[in-house]
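Reviewing the structure listed below.
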Amino acid sequence: MDLARSIVFLVAVVLLFTSLAVNHAESQGQVRVVDRVLVVDIAPPFDTIDNGVAECFTDALREAESTGSLLIYRVNSYGGLLDAGFTIGDAVLYSKTPTVAYVETKALSAATLIILPANIVALQRYSTIGDMQPVVVDPLTGRIQFVNESKVLNPIIEKARTYAGRAGRNQTLIEEFVRYALTINSTVAVSLGVADLEVEDFNTLLSAINGTHVRVNGVEYVLNIDRASVRTFSCSIRSRFISVLSNSYVANILATIGMLATIFALVAGKLSVLPLTIGLLLLGLVGTGFSANMISAFLILLGALLLSLELFVIPGFGVVGISGIVLLALGFALLPVYVPTGVSPSGEYITVLRLYVLAVSIVLGGVFGVVIYKVINVKRRKPVEFLPVGKTGRVIEEVKPGQMGFVIIEGEYWRAVSSEHLLPGEEVVVEEILEGGVLKVRRKTS
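Following this note's numbering, the residues of the sequence shown are numbered contiguously, the last one being 590.
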């Protein structure tokens, strides 16, 4: 009996240690192969790092995570907004999929900030990075002022060091990027431990990182890139629209025109154009950081209200209806793409719906624009008068001197008088038009 118990105990111990050993081996050897690549570009004409670019980047990262793809972001930028840079940097820092930052030509200021947390940083030969000292731009004069206050610099430095610490980059040099606007080229960046690779072009990058092991959130990934699976992410209409509106010049122009036009519309009593002027003012506010989602909802509601008034209340189709179509189109262009799954339609559905609405709005706007243009031309056209003086016709009813008869001139019947006795069928010539539209005629001589 004791022997049997001993054997059972030994078997249990062996099974326990075997299970632990297998689990340890699996945890140590958990390797996932990544063979798909999603590329997102931060390059001209949308090279300024703003809220639109940040939204496009997070959309691309979300898609890369959902498809198990490597995200490569190609950067060729002078920088941009600090908040947008933090949004992109945080997204990379907490990414659930491997990321590679590839710098083409330059990545300065905020563009340097966003490449630091990537698993691999590759620089094209002769490219430059750095110059991260923050600046303040006066929107009225365009004057640039460098910021040196510790209260501003220290949080940026700490954030940059946090990003750099993820992959063990040279934090001391990165601090000099912020404090002294230091700029270095690709060779120096690799030699001093800020970047990982210096490559000739994008194809060289793909070859260089092939077979590389990357650890993300405790999971080891091996990059086994299939060139045929490399595809470029297309940013949404909304994100590109936000980038355009985020341009300080565009934002100032829209806000100024919208404000002045609103004042003039109120003073002149042209309330029918007031929704359009308010729409311009709201679009200008997007560039100042106002929520694009709230503006989108307001434009859609206002546009739907105006279109309903035009269709069901106001007779005809005019400025109110056109304003409704324009505001609806702008509102749908700013509509968010990604919404909670299971609560609202999918992002792909919203994208297709947005394109459909924009297409219909453009077509309807074009048709009604042509109609209104034609109506305006007709109203402005001078009336065409038919003057039969000098025209020839024939007598329909006998015309005697001092008595009125009827003649036909180019298919129209006219009352006529004459100093001659004219019989039906005779040809006559109109001499003049008398009072009351009566024609004075005479016999046509051959």
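Built from N, CA and C at the ideal position, the CB exists for glycine as well. Bear in mind the structure is a predicted one, so any value in this text is a computation, not a measurement.
Y324 and V197 have their C-alpha atoms roughly 27 Å apart. By DSSP's assignment, G274 forms a beta bridge with L252, T327. For L237, the closest of L226, I369, R305, D185 by C-alpha to C-alpha distance is R305. Under DSSP, D185 takes part in a beta bridge, and its partners are R218. Under the three-state reduction of DSSP, A311 is assigned to coil, being neither helix nor strand.
Selection F550, G233, E541 evaluated against R310 yields G233 as nearest (Cα-Cα). Around I318, the same chain offers A304, A308 as residues with beta carbons nearer than 6 Å, after the five sequence neighbours per side are excluded.
With contacts defined as CB atoms closer than 7 Å, L474 and L443 qualify as a contacting pair. Residue state for R371 is assigned as helix, using DSSP reduced to three classes.
For S440, the CB contacts under 6 Å within the same chain, skipping 5 residues up- and downstream, are G475, L478, L479 in chain order. Rounded to the nearest angstrom, the gap between the Cα atoms of L257 and L472 is 37 Å. Here V366 is near V175, since their CB atoms are less than 7 Å apart. In the structure shown, E293 falls within a coil segment according to DSSP collapsed to helix, strand and coil. Around the beta carbon of Y246, a 10 Å sphere encloses 16 or more other beta carbons of the protein chains shown; the residue is thus reported as buried. CA-to-CA, the gap between V280 and V296 works out to about 11 Å. The segment 337-351 makes contact with the segment 252-269; the number of CB pairs closer than 8 Å reaches 3 or more.
A residue is called buried when at least 16 other Cβ atoms come within 10 angstroms of its Cβ; M548 does not meet this threshold and is exposed. With a cutoff of 7 Å on beta-carbon distance, F190 and S380 are scored as not near each other. Secondary structure at A266: strand, using DSSP grouped into helix, strand and coil. Using a 10 angstroms sphere on the CB of N347, the tally of other CB atoms stays under 16, which defines it as exposed. Within the same chain, Cβ atoms closer than 8 Å to the Cβ of T211 are found at R180, L182, the five residues on either side in sequence being excluded. Comparing C-alpha distances from E575 to each of D275, S330, K535 shows the shortest one belongs to K535. G428 sits close to A399, with the two beta carbons spaced by under 7 Å.
E564: not part of any beta strand (DSSP E); DSSP gives it neither H nor E.
Between the alpha carbons of E344 and V430 lies a distance of about 39 Å. Where R359 is concerned, there is no enclosing alpha helix (DSSP H), although the beta strand (DSSP E) around it starts and stops at 357-360. Assigned with DSSP and collapsed to three states, K303 falls in helix. Taking a 10 Å sphere around the C-beta of D370, we find fewer than 16 other C-beta atoms and assign the residue as exposed. Classified as exposed, P545 has fewer than 16 neighbouring CB atoms from the shown chains inside 10 Å of its CB.
If you draw a straight line from the Cα of A405 to the Cα of E302, it comes to about 46 Å. The three-state secondary structure of Y365, taken from DSSP, is strand. Relative to the Cα of S294, the nearest Cα in the group G312, T316, V322 belongs to V322. The Cβ atoms of A228 and I193 sit closer than 7 Å to each other. With 16 or more other Cβ atoms inside 10 Å of its own Cβ, N195 counts as buried.
For D282, the number of other beta carbons within 10 angstroms of its own is below 16, and it is reported as exposed.
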